[in-house]
Amino acid sequence: MRRLFALMVVSCLLALGSYDVSFSQDTVRIQTMDGVNKTLVINDGDTITLPAEEPEVEPEVEPEATLVPEVEEEVELSFHQVVKQKFIEGGAEFMAIVLFCLIMGLALAIERIIYLNLATTNTEKLLGEIENAMSAGGVDAAKEICRNTKGPVASIFYQGLDRSGEGIDVVEKSIVSYGSVQMGLLERGMSWISLFISLAPMLGFMGTVIGMIGAFDAIEAAGDISPSLVAGGIKVALLTTVFGLIVAMILQVFYNYLVAKIDSLVNSMEDASISLIDILVKAGNSK
Numbered sequence: 002m003r004r005l006f007a008l009m010v011v012s013c014l015l016a017l018g019s020y021d022v023s024f025s026q027d028t029v030r031i032q033t034m035d036g037v038n039k040t041l042v043i044n045d046g047d048t049i050t051l052p053a054e055e056p057e058v059e060p061e062v063e064p065e066a067t068l069v070p071e072v073e074e075e076v077e078l079s080f081h082q083v084v085k086q087k088f089i090e091g092g093a094e095f096m097a098i099v100l101f102c103l104i105m106g107l108a109l110a111i112e113r114i115i116y117l118n119l120a121t122t123n124t125e126k127l128l129g130e131i132e133n134a135m136s137a138g139g140v141d142a143a144k145e146i147c148r149n150t151k152g153p154v155a156s157i158f159y160q161g162l163d164r165s166g167e168g169i170d171v172v173e174k175s176i177v178s179y180g181s182v183q184m185g186l187l188e189r190g191m192s193w194i195s196l197f198i199s200l201a202p203m204l205g206f207m208g209t210v211i212g213m214i215g216a217f218d219a220i221e222a223a224g225d226i227s228p229s230l231v232a233g234g235i236k237v238a239l240l241t242t243v244f245g246l247i248v249a250m251i252l253q254v255f256y257n258y259l260v261a262k263i264d265s266l267v268n269s270m271e272d273a274s275i276s277l278i279d280i281l282v283k284a285g286n287s288k
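Note that the working numbering has the sequence shown beginning at 2, numbered continuously upward.
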């Protein structure tokens, strides 16, 4: 009996132990179906399907945009626009006076150029016509040719022919005297051009001095030396000087051209006057 009872107890214990093990195994076992849903098996075939975990999606890393520095488009200004801008920046006080010098100087120079070009005469042709006229019709015919010809040379010839009856010495003195008058007419206005040539840079330098004085006044008022305080005054000072020098150089070119033109006309008048006297001497000897 005791052995039978002991066997029964052992059998019960073994049965209970196997049940616990199977239960624990059934409870813990998890099946994966198709790699998507997870199934939990409990108590001999009872299953619970768990929702599939969504796979973690790695965020797409956008490539860093290459930063392109913004480049400001530089607008190219024409020469006229640059000059206008700098003229305004230079200040109206002295720049207007410098501009007045340029306008007046150019006006006088252009007037002189036109006058001198009109005063140019073909002296060789004129002398030939006078010589032919004196041979054909005498002094009066030669004077008529000079009267109808424009230019200082023809005027000098007319004065010499008008006094041809008083002798060669009187004719020579008359030509020299009236030649001086014609030279004065040729050089008329040249002194004003020379004045504007000298005045333009002087006004520019005066603007420079006044601009520097303004810059030092700004430093004194602020009690500190700062580039922003003196830059404006110095810029105005330099601009007035630059424009004054430019005006002087432009007018100087015209002035030198006019001087050379006047010298050429004077030399032509002197040579032609000598030739006229020779013609008169030849005509007097032939009588």
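No residue lacks a Cβ here, since even glycine has one placed at the ideal position from N, Cα and C.
In this structure, Ser-175 places its C-beta atom within 8 Å of the C-beta atom of Gly-161.
The residue from Gln-86, Ile-275, Ile-247 with its alpha-carbon nearest to that of Glu-173 is Ile-275. If you compare the alpha carbons of Trp-193, Val-237, Thr-241 with that of Ile-111, the shortest gap goes to Trp-193. Contact between Leu-187 and Ala-120 holds: CB atoms are separated by about 7 Å, below the 8 Å threshold.
A Cβ-Cβ separation of about 12 Å leaves Thr-241 out of contact with Gly-215 under the 8 Å criterion.
Contact between the segment 130 to 145 and the segment 237 to 257 is absent, with fewer than three C-beta pairs closer than 8 Å. For Leu-277, the closest alpha carbon among the candidates Ala-238, Tyr-256, Glu-167, Val-154 is that of Val-154. When the beta-carbon positions are compared, Lys-144 and Asp-163 come within less than 8 Å of each other. No residue range can be given for Asn-149, since it is assigned to no alpha helix (DSSP H) and is classified by DSSP as neither H nor E. In this structure Leu-281 touches Ser-165 by the C-beta definition: roughly 6 Å separates them, less than 8 Å.
About 15 Å separates the CB atoms of Met-105 and Phe-244; that is not less than 8 Å, and the two are not in contact. Annotation for Ser-178: the continuous alpha helix (DSSP H) segment containing it runs 169 to 187. Taking Ile-226 as the centre and dropping the five residues before and after it, the same chain places the C-beta of Ile-220 closer than 7 Å to its C-beta, in chain order. Across the structure, Ala-238 and Met-207 are spaced so that their CA atoms are roughly 8 Å apart. Taking Leu-107 as reference, the option from Asn-268, Asn-123, Met-191 with the minimal CA-CA separation is Met-191. Between the alpha carbons of Thr-124 and Ala-273 lies a distance of about 6 Å. The alpha helix (DSSP H) runs lying completely inside the segment 187 to 247 and spanning 4 residues or more are 191 to 223, given in chain order. Per DSSP, the unbroken alpha helix (DSSP H) holding Ser-136 starts and ends at 124 to 138.
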